[in-house]
Structure formats: C-alpha cells, structure tokens
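In UniProt numbering, the protein residues as written are 1 to 650. Backbone N, C-alpha and C fix where the C-beta goes; we use that ideal spot for every residue, glycine too. It should be emphasised that the depicted structure is a prediction, and the values quoted were computed from it without experimental measurement. Notes to accompany the following structure.
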C-alpha cells in the first residue's frame with residue numbers, strides 16, 4: 001500500500017435538480033469535453049446543495065452548528081425571500097472559502113488514478129439508512145397502525161372544522177385572551193358529542209372539555225386544564241397503562257434535515273419538539289430513513305400526518321417503554337449514485353476494491369469547518385486561548401464570502417459603531433449565532449463577553465472547540481501518514497478496551513494500520529511515542545496553547561480529548577456501473593417506491609452516460625464525503641466546486 005499526495009485538481013460541479021433540461025444538456029456536453037483531463041470535486045455529502053446560491057451556506061451552517069433540541073428555526077418566509085446572487089458572484093465570494101488543504105486534508109491511501117463523477121446531481125442520488133444498536137438497518141416498509149381499542153375513531157380527525165381547529169390551536173398556545181372555546185353541536189347526539197370531546201383532547205393536548213346548554217343548544221366547551229404546563233406535558237391520564245409510553249416509528253424524509261423534520265412534525269401535532277428523540281441527525285440534501293421516538297403520541301395520530309405532509313412518510317409503528325438516545329446507533333448504510341463518471345471499468349474496479357480492502361483516511365469532512373472566510377476552528381482556538389475579544393471579533397466582524405444580506409449589514413453596523421443594539425436592529429432573524437451574541441452583549445455589557453457568549457446554546461458553543469480539535473487531528477494524521485505510511489510502527493497508539501496504549505517494538509507485527517488510533521487533543525489522552533507526538537506539541541505551541549494543560553477555567557471548554565481510528569474500512573461494500581440517457585430519472589428504487597409499487601427504472605444497455613452506484617456502511621462520526629473523495633481522488637471543498645460550476649452555467 002502506498003500513500004498519494006493530493007495535487008491541485010480541477011473540479012466538476014453538479015447542478016440543481018430544478019435546472020432546465022437545456023442547461024442539463026449544456027453541462028453534460030462540457031463534462032464530456034473536459035473529462036479526459038480533469039479530476040473531479042463533488043458535493044459535500046452531509047451539507048451541500050448543488051445550486052450555486054446562498055442557501056448553500058445555510059445548509060452548511062446547520063451542519064456546523066446544529067440547532068439545540070427544541071430551539072426554533074429561522075423563519076422560512078424570510079429564508080425564501082432572500083435574493084440569490086448570480087452564479088459568478090457567488091463563485092467570486094466563495095474564493096474566500098476553505099480548501100481541503102486548509103484543514104489538513106492532503107493524503108490518499110489508494111494508488112489508482114482518479115476519475116470524475118457528479119455526486120448529488122439529484123438529492124435522490126444519496127440515500128441514508130440508519131443502522132440501530134442491534135445492527136438492524138432501518139427501512140420504511142409498513143404503513144399499518146397497531147390496533148388499539150383505546151384509539152379514537154377515524155371520525156375524530158374530521159369532525160372539527162378548520163375554523164374550530166384554528167380557534168382551538170390559539171387557545172392551546174395561549175395566543176389570545178379567550179379562556180375557552182365553544183363548539184356548537186349541530187347534530188346533537190351523545191355519540192356526536194363523544195367524538196367531539198375525543199377530537200379536542202387527542203388533537204390538542206392540554207385542553208379539557210365539558211358540555212353546556214346555551215339557549216337550548218348543546219355546546220362543547222374547551223378550556224385549559226393546567227395553564228402553560230399542559231402544552232409541554234402530554235395528557236398522562238388519557239394514556240393506557242398497558243401501552244408503552246413512547247411510540248417508535250421510522251421516518252422517511254426527503255431534502256430536510258432531522259431537526260427541521262422534528263419541528264414540522266411538532267407544528268402539525270401541536271406539541272413541543274423536545275418530546276421527540278432520535279439516535280442521530282441525518283443529511284438534508286438526501287433521502288434518509290431513521291428511527292424516531294415520541295412521548296405519548298399515538299401511532300394513529302402520526303399515521304394521519306402521511307395525508308398532509310410532503311417529503312415525509314411515517315411508518316413501522318410500535319409502542320415501547322423507552323425513548324431513543326443520541327449516539328445509540330451502529331452507523332449508517334449509504335446508497336450513492338455518482339453520475340456521468342469518466343473512469344474506465346478498470347479504474348472503477350481498482351478504486352472500489354481499494355475502498356473495500358484498505359478503506360479511506362478518517363478525516364473530518366469540510367462541513368466540520370464552515371464555509372466562510374472565518375473558519376469555525378479559528379473561533380474554537382480563540383476560546384481555548386481565553387481570548388474573548390478575539391472570539392467576539394471573529395463572530396461579528398465583516399468577512400468576505402457568501403452570506404445573507406442582513407448578516408452583511410449587521411456586520412457592517414457592528415464594525416462602524418460597536419453598538420450591539422444598533423447591529424441587532426439590522427437582523428430580522430435574531431436566533432442566529434450573531435444575533436444571540438449581540439443579545440448577550442446587550443444584556444451583560446461589552447466587558448462581560450464570557451457571559452454574553454454563554455447565551456448561545458451549549459451545543460453550538462462546543463462545536464467551535466470541537467472544530468479546532470478536528471483541525472488538529474486532520475493535520476496530525478496527514479503528518480503521520482506522510483512520515484510512516486500505511487503500516488503500524490512502534491510508538492503508534494492502539495486501543496485496549498477504552499484505554500490507549502503505545503505499540504512496542506517487539507509487538508508491532510501483531511498490528512496493522514487499521515488498529516492505529518490518534519488522539520484529539522485534551523487533558524485525558526496520551527500522544528504517540530514517536531515524532532508525531534512532538535508534532536502535536538509544536539502545533540499547539542504555535543497556537544499559544546499548552547498541550548499539557550487543556551483544562552479551561554470555564555469547565556464547559558475543558559477538553560478531555562478522545563481517540564479516533566485513522567483508517568476506516570467500510571462494511572458491506574458493493575457497486576455496479578449503469579448506463580442511462582435521462583439525467584432526471586432515478587437509478588434505483590427507494591423504500592417509498594417499493595411501498596407504492598413503483599417498478600424499477602428501465603435503463604438502456606448503451607446509454608449516453610454512465611453512473612457508478614455504490615453501497616457501503618460506515619460507523620458513527622465518519623464522513624461519507626471522505627470515502628467518496630478516496631474513490632474519485634477529488635477535493636470536496638465548496639470553494640473549488642462552486643468556481644467550476646459557474647463555468648458550466650455560462
């Protein structure tokens with residue numbers, strides 16, 4: 001096995017699903033013209049839209065700084081109303097972004113010749129199935145609802161008018177001054193009244209009902225049982241004791257990230273997002289299938305959402321006594337289509353065999369580091385240095401690159417006035433990191449940046465320092481592979497249980513590169529006992545940090561460190577090359593296609609284009625982007641992708 005240095009490569013950039021057919025053809029022709037001489041750089045697997053617009057940035061930011069549980073998302077209307085820059089201006093702005101070499105991603109492990117291909121030409125070309133802790137791959141293959149005598153009748157969902165539902169929702173959410181809502185019973189029978197009682201209680205948790213006579217007419221009166229607390233706590237007394245408290249289901253979603261999906265489900269069910277639990281967040285620009293659990297919501301209510309939600313399907317319902325926990329999964333299984341590939345059959349065979357037998361370098365992918373001229377690892381480094389003025393400056397200062405217009409105005413105001421209130425007025429969306437920090441500065445003052453920064457949700461704050469750890473790790477792994485290649489050497493670290501131990505000279509023949517781990521810097525790890533151990537110290541010294549003192553005076557920012565395998569060998573690797581003519585047709589069937597009885601696409605034997613369909617399984621916290629990078633020998637940075645894309649669109 002030999003390592004390969006990554007040279008500067010020119011790139012091919014995919015286009016949006018919504019592009020017109022004639023643009024598709026122009027692009028295809030240009031791919032064919034250039035493919036003999038160019039290597040390819042493709043979409044970041046977990047974060048990137050294909051369209052060269054400013055929404056590209058927003059997707060990536062959601063990956064870098066995920067929303068904390070229950071946190072509201074930015075207003076969709078506002079997002080949609082932003083004008084996209086033309087492709088050339090966007091590419092020009094992205095010149096200030098990061099490339100792989102900026103974050104230490106410089107090596108390959110395979111020696112095959114790279115080739116080009118388009119990743120995520122359609123979001124349906126990238127499918128993720130979660131692998132649970134029992135090793136079972138999640139599939140949506142059953143829409144049936146568990147039979148339960150306690151469930152309300154189907155009439156429950158249609159007995160209330162839209163106007164009634166609107167008034168009840170406003171009452172439930174305490175949006176008006178009314179203390180009750182009266183619903184007239186038009187066809188007064190005991191059965192009809194019972195259905196209305198059930199409908200209100202099941203569709204609007206926290207509301208109670210009673211029957212009243214008014215002017216000779218029957219009314220169902222809905223009112224709050226326990227004030228604001230009732231909304232957060234689903235009705236306990238209405239849940240059968242024999243039924244598990246959590247309804248588990250499989251969520252199939254298209255082109256939505258997990259937190260967005262949870263927020264949509266919460267809105268339609270009229271509950272708080274924090275009653276949902278899951279094992280991992282999934283990509284936006286993809287079709288993903290994962291297990292979700294929700295507290296005290298019936299399968300019947302969940303199944304009803306299938307009639308009114310687009311790009312979501314819920315199924316495989318069951319009741320259990322436990323929620324799901326983040327990280328409790330074995331990994332994810334990926335089905336990926338790389339379209340318009342230029343590699344020969346021999347090149348493809350070499351590349352895929354290498355992926356199966358050797359694997360790929362377990363780098364942290366580009367989405368870990370942000371997309372603007374201020375990488376997230378720089379902010380993380382300033383936090384660890386206890387340089388709070390620098391933290392504030394890096395987050396708020398004007399920066400070149402692609403950003404929403406209101407953020408640009410906010411930064412300009414901040415640079416001009418250093419007035420949090422004035423800068424905040426430029427932000428119509430206050431829940432972004434910049435808005436949260438400005439609100440903190442307004443509350444605590446410019447001399448208490450630490451407290452102001454603390455207003456940002458904890459997970460978001462920690463992502464900055466985790467980004468710095470990832471930056472160090474990537475750089476050190478590249479140095480390790482450059483220095484010692486792809487074999488275990490004395491002084492490398494390997495895990496015995498959860499404990500890292502150095503490999504001794506006389507023991508080295510018992511280990512391979514697949515056993516070797518390297519540390520993310522922290523106070524509770526050891527470092528390799530060869531040159532790379534010293535390289536860690538030198539890198540941190542250059543960043544004004546002491547590798548022997550990674551405890552921070554603020555406990556949250558103390559880094560204990562962790563260990564990460566340097567080479568990952570995917571499991572269940574398979575592939576095939578297929579021909580096709582129409583770039584808009586799917587090249588495989590999804591779970592939903594199978595449930596709906598859609599036939600397999602009929603593909604020509606000798607089409608205009610070729611695609612590589614690949615499948616593989618990865619453990620948690622590994623980046624499919626990096627596996628595909630190894631196959632194509634490509635740079636995955638948005639900077640490179642976008643600049644070439646603008647050439648295609650001319």
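Item, Value
"Span separating the alpha-carbon of residue 635 from that of residue 477", "17 Å"
"Sub-8 Å separation of residue 600 and residue 590 beta-carbons", "no"
"Inter-residue Cα distance where the pair is residue 331 and residue 260", "21 Å"
"CA-to-CA distance, residue 372 to residue 400, given in whole angstroms", "7 Å"
"C-beta atoms of residue 203 and residue 224 nearer than 8 Å", "no"
"Proximity winner among 173, 174, 105, 160, relative to residue 192 (alpha-carbon distances)", "160"
"Straight-line gap, residue 117 to residue 352 (C-alpha atoms, nearest Å)", "14 Å"
"Test item: CB-CB of residue 521 and residue 503 under 8 Å", "no"
"Unbroken alpha helix (DSSP H) run spanning residue 358, endpoints", "Note, residue 358: premise wrong, no alpha helix (DSSP H); not H, not E."
"Nonlocal neighbours in the same chain, by C-beta distance under 6 Å from residue 471, ignoring five residues either side", "103, 377"
"Straight-line Cα distance separating residue 367 from residue 492", "28 Å"
"Bridge partner(s) assigned by DSSP for residue 519", "563"
"Buried versus exposed, by CB contacts within 10 Å (16 or more), residue 604", "exposed"
"Rounded distance between the beta-carbons of residue 130 and residue 326, thought under 8 Å", "With 8 Å as the limit, residue 326 and residue 130 do not qualify as a contact, their Cβ atoms being about 12 Å apart."
"Cβ-based neighbour list, residue 145, same chain, cut-off 7 Å, excluding 5 preceding and 5 following", "299, 300, 303, 317"
"Closest residue to residue 572 among 398, 441, 333, 469 (Cα-Cα distance)", "333"
"Delimiting residues of the alpha helix (DSSP H) encompassing residue 194", "190-203"
"Other residues of its chain near residue 381: CB distance less than 7 Å, five sequence neighbours each side excluded", "468, 543"
"Inter-residue spacing [alpha-carbon to alpha-carbon] between residue 427 and residue 407", "7 Å"
"Closer than 8 Å to chain D by CB, residue 240", "The displayed structure is made up of one protein chain only, and chain D is not part of it."
"Distance, residue 124 Cα to residue 199 Cα", "37 Å"
"Meets three-Cβ-pair contact criterion under 8 Å: the stretch 608-618 and the stretch 572-584", "yes"
"Contact set for residue 417: own chain, Cβ-Cβ below 8 Å, skip 5 residues either direction", "423"
"8 Å CB neighbourhood of residue 135 in its chain, flanking five on each side removed", "330"
"Residues sharing a beta bridge with residue 410, DSSP", "Paired residues: none, contrary to the question."
"Burial state of residue 264, where buried means 16 or more other Cβ atoms lie within 10 Å", "buried"
"Sheet register partners of residue 277 (DSSP bridge)", "293"
"Alpha-carbon spacing of residue 375 relative to residue 459, whole angstroms", "17 Å"
"Start and end residues, beta strand (DSSP E) containing residue 502", "499-502"
"Exposure of residue 495, with buried meaning 16 or more beta-carbon neighbours within 10 Å", "exposed"
"Cβ distance (whole Å) where residue 246 is taken to contact residue 295 below 8 Å", "6 Å"
"8 Å Cβ cutoff met for residue 128 and residue 360", "no"
"Beta-carbon contacts of residue 531 that lie in its chain and below 7 Å, excluding the five residues immediately before and after", "483"
"Extent of the continuous alpha helix (DSSP H) to which residue 469 belongs", "458-484"
"Beta-carbon spacing of residue 222, residue 180 below 8 Å", "yes"
"Boundaries of the alpha helix (DSSP H) in which residue 331 is found, first to last residue", "Note, residue 331: premise wrong, no alpha helix (DSSP H); beta strand (DSSP E) at 329-339."
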